[in-house]
Each structure stands twice: as C-alpha cells, then as structure tokens.
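K.L.:
Numbering (our numbering), first residue to last: 1266 to 1719.
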C-alpha cells in the first residue's frame, strides 16, 4: 500500500465520520472497511401497498399506506491496498425491500459511477447516489407495490400467517434482463415474512425520532418544548406538550368520557390512540379508560351482554331465540333480559328499578341505540318501561306518600285529614305530618300548628 493511498483512505474515513452519525456510517475496527446505512430520500406522499388478489389482474386491489421512510440499504465495503489510485472498494449491497435483480442493477450502477471517478475517493459519491438516485435508477414511483411469492390474500390483522419471499417493484415497472445473472454482491434480506408491516413499523419509528428532535410550541400553555416532551394526534398532526395532555386526559377519563379524548383544536375530531393514553396517564386510570372503552364498544353490539355476577362481569354472547346467556368464565346461566337465573319460557321478573333504568337508557339513546335496545330487551319490555315511567310521572304529580309506610295516596275530596288505605295512619295532606289517632283534628285547631284552621 502506497503512503498516498493510505493517507487518502484515512482522510476519507475521517470525512465520512464527520458527515454521518454512527447509525449511518461505521468504520471497521479490524480492517480498512466499514458499513454505511443509506436512508433514501422519498418524495412527498410516497405510498406502499399489497395487491390482495393478484389473480384478478387489477393494479391496486388493496390498502395503500403513506410513508416517509423506507428501511435503509446497507453498503458493506472493504478498501483494497491500491484504493483509490487503481482498484475500487470491494462491497456488498443489502436491502429488505428490493429483489436480487434490483440490487444487481444498483451494483452495476455503482460500478459505472466508479469508472466515472476512477482514481478518486468514491464512498461519499456512492452513498449520495444511492440516497438520491436509487429510486429513479430502478424506475420506482408511488404507489410502490409489495409483491409476494405466495398465492392468497394479505390481511393486516394477522401478517404472521403468510409465508413467502417479497420483492418490491415500482408502478412504472423495472425492466431487467431475465438472462442476466444475479450479482453475488447483491444480498436480499428476506428474514422477515411480513415485509409490509416491517416497513410500516420502521417508518413509524423514524417519524417518531425526527419528531422528538424538533422544537414545538404548545398552543395550550404557550411553552416551547422538544418533541420528546410533546405528543401529536396521528390524523391531524396537531402538537401539544405532554403535561397539558396528561391533565386533559385525566379529567376526561375520571368523568367517564373516554370517547372525548380528541384534539383540543376547535372543530378537530382527531382522537388519541390507546398507546398515547397509556404513555401519559397512571396505570389505574388507564385501566379505567380501557374498561370503559371496552364496555362502550360492547354496548353497541346487540348480541353481547355482561355477566350479571358482580365478581365476574365478563362479556357474553346471547342466544337471541332463547335469551339464554352462559358466561364462559364462571359458567353462570342467566336470562339476558332480566339478568336473573335462566327461567326458560317463564315471564321475566323485572324490578321497577330495572324498568326505570331501561327507560332512561332508551330516552337518551339515538336511533341506532334504540334499535339495539329493542333487539336486546324486546319491544314488550321497552313498552313496560315507558308505561312505568308514565305511571311514576302521574303519581308524582297527583299523589303524596304516606309519612308512615310510603304508599302513594290520592286526595279526591274532603278535608285535609287523610287516612292511609295501607297502614290506616292518619296524616295531614298539607304538611304530611302524622296525626293523633285519638284526636286527629287537634292538629288543625292548635294555634301553634302550621296548618291551623286549614
């Protein structure tokens, strides 16, 4: 190795270490080599998608996802003794989201770049070429299709069930010579069997890192803080400091308004996701939030009820024909209407309190909620609840309770000395005080009585 080449190599390592951070560039400790991780510059609103049914021939039969970052290409290199004066670096190029044929094309492009700059340090030029021109070199454009080597559909809910190798091709289509052999330096990383979700997860992590390093102004407390001390709503991207959002979430959850954890910006309906809530509030409060959120979801499901045992309270799917519910946790069999032990075809024994509860829920529900309640309880029970409400309203307006036994008494005519038909207690209709059984009229003749001469 000539002293000129050695000095050029050391200068190049020093320059690259000052330009890139440790995640982007690392020199090998044991040799004149290293590794560069290249994060490509993606155009705005860059999308990836999976064709759910490639057999139907349609170009886009699946969900599209907007991303800002793709997993990096990894350039591993070794500098020969006569670099850069004569020989280029020995290298391998690895990527998760490119096929071996596409990686081979990039290796060929790197060789062409070396020929144009032969005799000069080339690593920085290679890195910038991959970063800025790799997509155009491969004719990759948005939307970016993830093609799978297996047949069948992709379901985001369970990506682990799918198998096969992946390659990514652009909408414009990368034209490659099928007879051209794959370059041994092109190494496809196919460890993951769910590349789409790995791409989406990587994009989310990178966006969070970028967010954490920026400075934002909270429009609630008007303080300026790093993104690491802030949170943003995913749909609208409005940013607030964690302190303000913590107080806001705590108040809403304590008051039971778990569907009101929305963006404070006026007329903005973006909602916080559970992971954001978990990060900000205490464990006990998050458990309350999680329970209320689950309960509100179950309430909207017409065929799901809650086990009536206080120590259980697990969700149970009811049998609509028999109104039978059997708890899978405690095995309790109960009537899904009255919540008592299952009684077959016998009529439900619903308490007045339960009817009033049903009536209040029915009055507060919207159209869809009322339809769900009618399917859940039956129109007969709803009608009983409404009649019970009407009866109670009439009694409150037209009767008074006996001060002794609480029976409702209606006054038709006569004086204000009343006799309860249930317990036979005398009482005053005006002040509702009990009257003496021996001389009930003394109450009205006593000048110190509030009902004197009445």
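From the three backbone atoms N, C-alpha and C, an ideal C-beta is built for every residue, glycine too.
Determine the closest residue to residue 1401 out of 1524, 1295 and 1308, with distance taken between C-alpha atoms.
P.N.:
For the purposes of this step, residue 1401 is taken as the residue at position 136 of the chain shown. Here the closest residue by C-alpha is 1308.
K.L.:
Between the alpha carbons of residue 1425 and residue 1362, how many angstroms are there, rounded?
P.N.:
Start at 1 with the first residue of the chain shown, and residue 1425 comes out as number 160. Start at 1 with the first residue of the chain shown, and residue 1362 comes out as number 97. With a pLDDT of 37 at residue 1425, under the threshold of 50, the modelled position of that residue is not reliable, and no figure is offered here.
K.L.:
Give me the Cα-Cα distance between residue 1520 and residue 1328, rounded to the nearest whole angstrom.
P.N.:
Residue 1520 sits at position 255 when you count from the first residue of the chain shown. Residue 1328 sits at position 63 when you count from the first residue of the chain shown. For residue 1520 and residue 1328, the distance between alpha carbons rounds to 37 angstroms.
K.L.:
On the CB-based measure, 16 or more other CB atoms within 10 Å of its CB, does residue 1420 come out buried or exposed?
P.N.:
Locating residue 1420 in the chain shown gives position 155, counting from the first residue. Low per-residue confidence applies at residue 1420: pLDDT is 37, beneath 50, and the placement is therefore not dependable enough to give any value.
K.L.:
Using a 10 Å radius around the Cβ and a threshold of 16 neighbouring Cβ atoms, would you call residue 1522 buried or exposed?
P.N.:
The residue labelled residue 1522 in the question sits at position 257 within the chain shown. Counting Cβ neighbours within 10 Å, residue 1522 comes out exposed, since fewer than 16 surround it.
K.L.:
Give me the DSSP bridge partner(s) of residue 1301.
P.N.:
For the purposes of this step, residue 1301 is taken as the residue at position 36 of the chain shown. Note: residue 1301 sits in a beta bridge opposite 1290 and 1340.
K.L.:
Quick one: is residue 1355 buried, meaning 16 or more other Cβ sit within 10 Å of its Cβ, or exposed?
P.N.:
Here residue 1355 corresponds to residue number 90 of the chain shown, with the count starting at 1. Residue 1355 comes out exposed.
K.L.:
Would the region 1378-1391 and the region 1468-1481 be scored as touching if the rule is three or more Cβ pairs under 8 angstroms?
P.N.:
no
K.L.:
Let me confirm a value: residue 1348 is counted as buried when at least 16 other C-beta atoms fall within 10 Å, else exposed. Which label applies?
P.N.:
Counting from 1 along the chain shown, the entry for residue 1348 is found at position 83. Taking all protein chains in view, the Cβ of residue 1348 is crowded by 16 or more other Cβ atoms within 10 Å, so the residue is classified as buried.
K.L.:
Relative to the C-alpha of residue 1301, which candidate in 1275, 1311, 1587 and 1341 has its C-alpha closest?
P.N.:
By one-based count along the chain shown, residue 1301 stands at place 36. Out of 1275, 1311, 1587 and 1341, 1341 has the C-alpha closest to the C-alpha of residue 1301.
K.L.:
Can you find a C-beta in chain D that's less than 8 angstroms from the C-beta of residue 1552?
P.N.:
Looking for chain D here will not work: only one protein chain is present.
K.L.:
For residue 1653 and residue 1621, what's the separation of their Cα atoms in angstroms?
P.N.:
In the chain shown, the residue the question calls residue 1653 occupies position 388. In the chain shown, the residue the question calls residue 1621 occupies position 356. In a straight line, the C-alpha of residue 1653 is about 7 angstroms away from that of residue 1621.
K.L.:
In angstroms with no decimal places, state the Cα-to-Cα distance between residue 1542 and residue 1367.
P.N.:
One-based indexing of the chain shown puts residue 1542 at position 277. One-based indexing of the chain shown puts residue 1367 at position 102. Roughly 42 angstroms separates the two Cα atoms.
K.L.:
So, at 8 angstroms on beta carbons, what are the nonlocal neighbours of residue 1686 in its own chain, with the 5 sequence-adjacent residues on each side left out?
P.N.:
Numbered from its first residue, the chain shown carries residue 1686 at position 421. Take residue 1686, set aside five residues on each side of it, and the residues of its chain with a beta-carbon closer than 8 angstroms to its own are 1672 and 1674, in chain order.
K.L.:
Measure the C-alpha to C-alpha separation of residue 1504 and residue 1526 and round it to an integer number of angstroms.
P.N.:
Position 239 of the chain shown, counted from the first residue, corresponds to residue 1504. Position 261 of the chain shown, counted from the first residue, corresponds to residue 1526. Those two C-alpha atoms are separated by around 14 angstroms.
K.L.:
Quick one: is residue 1689 buried, meaning 16 or more other Cβ sit within 10 Å of its Cβ, or exposed?
P.N.:
One-based indexing of the chain shown puts residue 1689 at position 424. Burial call: exposed.
K.L.:
Leaving out five residues on either side along the sequence, give the residues of the same chain with a beta carbon under 8 angstroms from the beta carbon of residue 1574.
P.N.:
Working through the chain shown from its first residue, we reach residue 1574 at position 309. 1592, 1595 and 1597, listed in sequence order.
K.L.:
Under the assumption that residue 1647 contacts residue 1623 (Cβ atoms under 8 angstroms), give the Cβ distance between them as a whole number of angstroms.
P.N.:
Locating residue 1647 in the chain shown gives position 382, where the first residue counts as 1. Locating residue 1623 in the chain shown gives position 358, where the first residue counts as 1. Yes, they are in contact, since the Cβ atoms of residue 1647 and residue 1623 sit about 7 angstroms apart, within 8 angstroms.
K.L.:
Which partner residues does residue 1311 have in the DSSP bridge list?
P.N.:
Along the chain shown, one-based indexing puts residue 1311 at 46. Partner(s): 1332.
K.L.:
So, helix, strand or coil for residue 1673, using DSSP?
P.N.:
The residue given as residue 1673 occupies position 408 in the chain shown. Residue 1673 falls in the strand class under three-state DSSP.
K.L.:
Can you tell me which of the three DSSP states residue 1678 falls into?
P.N.:
Looking up residue 1678 in the chain shown gives position 413. In this structure, residue 1678 counts as coil in the three-state DSSP scheme.
K.L.:
What is the rounded straight-line gap between the Cα of residue 1415 and the Cα of residue 1315?
P.N.:
Position 150 of the chain shown, counted from the first residue, corresponds to residue 1415. Position 50 of the chain shown, counted from the first residue, corresponds to residue 1315. With a pLDDT of 34 at residue 1415, under the threshold of 50, the predicted position of this residue should be treated as unreliable, though the coordinate-derived value follows. Answer to the nearest angstrom: the Cα atoms are 12 angstroms apart.
K.L.:
Any idea what DSSP makes of residue 1657, helix, strand or coil?
P.N.:
Taking the chain shown and counting its residues from 1, one reaches residue 1657 at position 392. In this structure, residue 1657 counts as helix in the three-state DSSP scheme.
K.L.:
Can you name the start and end residues of the alpha helix (DSSP H) that residue 1747 belongs to?
P.N.:
The first residue shown for the chain is 1266 and the last is 1719, placing residue 1747 beyond what the model contains.
K.L.:
Could you pull out every residue in the same chain whose Cβ sits closer than 6 angstroms to the Cβ of residue 1453, ignoring the five residues on either side in sequence?
P.N.:
Numbered from its first residue, the chain shown carries residue 1453 at position 188. Excluding residues within five positions, the ones whose Cβ falls inside 6 angstroms are 1365.
K.L.:
In terms of alpha-carbon separation, which member of 1494, 1555 and 1484 lies closest to residue 1518?
P.N.:
If you number the chain shown from 1, residue 1518 lands on position 253. Here the closest residue by C-alpha is 1555.
K.L.:
Suppose you measure from the CA of residue 1369 to the CA of residue 1407; what does that come to, to the nearest Å?
P.N.:
One-based indexing of the chain shown puts residue 1369 at position 104. One-based indexing of the chain shown puts residue 1407 at position 142. Rounded to the nearest angstrom, the two C-alpha atoms are 22 angstroms apart.
K.L.:
Considering only their Cβ atoms, is the gap separating residue 1279 from residue 1389 smaller than 8 angstroms?
P.N.:
As a first step, residue 1389 must be located in the chain shown, where it is residue number 124. As a first step, residue 1279 must be located in the chain shown, where it is residue number 14. No, the Cβ-Cβ distance between residue 1389 and residue 1279 is not below 8 angstroms.
K.L.:
Could you name the residues of the same chain whose beta carbon sits closer than 8 angstroms to that of residue 1332, not counting the 5 residues immediately before and after it, in chain order?
P.N.:
Looking up residue 1332 in the chain shown gives position 67. 1307, 1311, 1312, 1313, 1464, 1465 and 1468, listed in sequence order.
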